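To start, the structure under review is shown below, and the notes come after it.
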Amino acid sequence: MEITQVKRAARVAEMPEIDWIEDRVLRDKVIDAWVAALEAHGFTQIGEMKPSGNYDSMPLLTGTQCDHMRSVCRLAVKTAEEMAALFPNFRYDRDILIAGALCHDIGKVWEFQPDNVKRWKADPYCVGFPSVRHPGYGVFICFSMDLPEAVAHIAAAHSAEGELLERSLENTIVHWADVTFWKTVEAGRQFAATDTWLEGLTGGVSGQPKSAAR
Ligand SMILES: [Fe+2]
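So that you can map any letter, position 68 of the sequence shown is 68 in UniProt numbering, and since no number is skipped, the others follow by simple counting.
Pasting the structure below:
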């Protein structure tokens, strides 16, 4: 696949927080990772993916999957700025925080891909259902696209997988921003009442609470 300037501009237009990354090399890697991830899995924009935490959890009443990732990024930056203003010795990597937040759910291009979900649903014992959750697939994308280990770690361990290891500072901030987003959506009654994605194919598959794992 060819990564063109037009495709890159479309990614920044959909996710303007990409321009908050000061390191131009890191910024371009985030852009190219999203260009490649979307195109390789049949999406033209992030907002085409189901707007939910998991493929089988309830979708947002309004708003998109891209809104989720952008909001987590802004929440994470605000959290870091709050702590930095409070504690003179608080140090964090702002570029890694932003890049990690914007890429934390990049693996959803695999887990939320409709053909994949239909295939897994048809025979859950063939390759698993899902075969790989978005954190795992996010690691594959991050390393394939030469993103830093610190960003791959955020993709890998922002969710329940991170309970098996120590999260970095930046990942800890992203993890709790992600939790805050979905829990506040739930308490604020911003989930849709019914899940009509793929004609309700995935409704209640995992049996998890709608915001259990992100
Ligand atoms: Fe998320």
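Quick reminder that beta carbons are idealized off the backbone N, C-alpha and C, glycines included.
If you're wondering where the values come from, they're calculated on a predicted model, not measured in any experiment.
Can you list, in chain order, the residues of its chain whose CB lies under 8 Å from that of residue i, leaving out five sequence neighbours each side?
| i | result |
| --- | --- |
| L60 | P51, S52, D67, H68, V185, Q190, F191, A192 |
| R8 | D28, I31, D32, V35 |
| W176 | T79 |
| T4 | none |
| V12 | I18, D19, I31 |
With a threshold of 6 Å, establish whether the CB of residue i neighbours any heavy atom of ligand 1.
| i | result |
| --- | --- |
| D105 | yes |
| D146 | no |
| D178 | yes |
Going by beta carbon distance, what residues of the same chain come within less than 6 Å of residue i, once the five residues before and after it are set aside?
| i | result |
| --- | --- |
| residue 219 | This structure cannot settle anything about residue 219, because the visible part of the chain is limited to 1 through 214. |
| A37 | I106, V109, I141 |
| M49 | Q65, K108, F112 |
| I154 | G100, H104, N171, V174 |
| G207 | With a pLDDT of only 43 at G207, under 50, the local geometry of the prediction cannot be trusted, and no value is derived from it. |
| H120 | The question names His, but residue 120 in the sequence shown is Trp. So the list reads F129, P130, once near-sequence residues are dropped. |
| G138 | I106, G107, A155 |
| A10 | none |
| residue 215 | What is shown of the chain runs 1 to 214, which leaves residue 215 out entirely. |
| P209 | Residue placement at P209 cannot be trusted, given a pLDDT of 45 that sits under 50; what the coordinates show is reported in the next sentence. Closer than 6 Å at Cβ, skipping near neighbours: no residue. |
Taking the CB atoms as reference points, tell me whether residue i and residue j lie closer together than 7 Å.
| i | j | result |
| --- | --- | --- |
| E170 | I96 | yes |
| Y92 | A76 | no |
| D195 | G188 | no |
| E2 | R70 | no |
Could you check where the alpha helix (DSSP H) with residue i kicks off and where it finishes?
| i | result |
| --- | --- |
| P51 | No alpha helix (DSSP H) contains P51, which DSSP labels as neither H nor E. |
| F140 | 134-144 |
| P114 | 114-122 |
| I154 | 149-157 |
| G100 | 94-103 |
| D67 | 65-86 |
| N171 | 169-187 |
Going by Cα to Cα distance, which pick from the options is closest to residue i?
| i | options | result |
| --- | --- | --- |
| G47 | L201, F87, E82, F112 | F112 |
| W197 | A9, I154, V35, V117 | V117 |
| residue 215 | D56, E199, D178, K183 | The structure shown has nothing for residue 215, since the chain only spans 1 to 214. |
| D23 | L201, G200, P148, R167 | P148 |
| W182 | G42, S57, Q5 | S57 |
| G200 | H41, Y55, G42, F143 | Y55 |
| H41 | V12, P114, L164 | P114 |
| E161 | V132, D146, M145 | V132 |
Using a Cβ-Cβ cutoff of less than 7 Å, which residues in the same chain neighbour residue i once the five nearest sequence positions on both sides are dropped?
| i | result |
| --- | --- |
| R167 | A157, H175 |
| T180 | L75 |
| S144 | none |
Is any non-hydrogen atom of ligand 3 found closer than 6 Å to the C-beta of residue i, if you look at the structure I gave you?
| i | result |
| --- | --- |
| G63 | Looking for ligand 3 in the displayed structure turns up nothing; the ligands present are ligand 1. |
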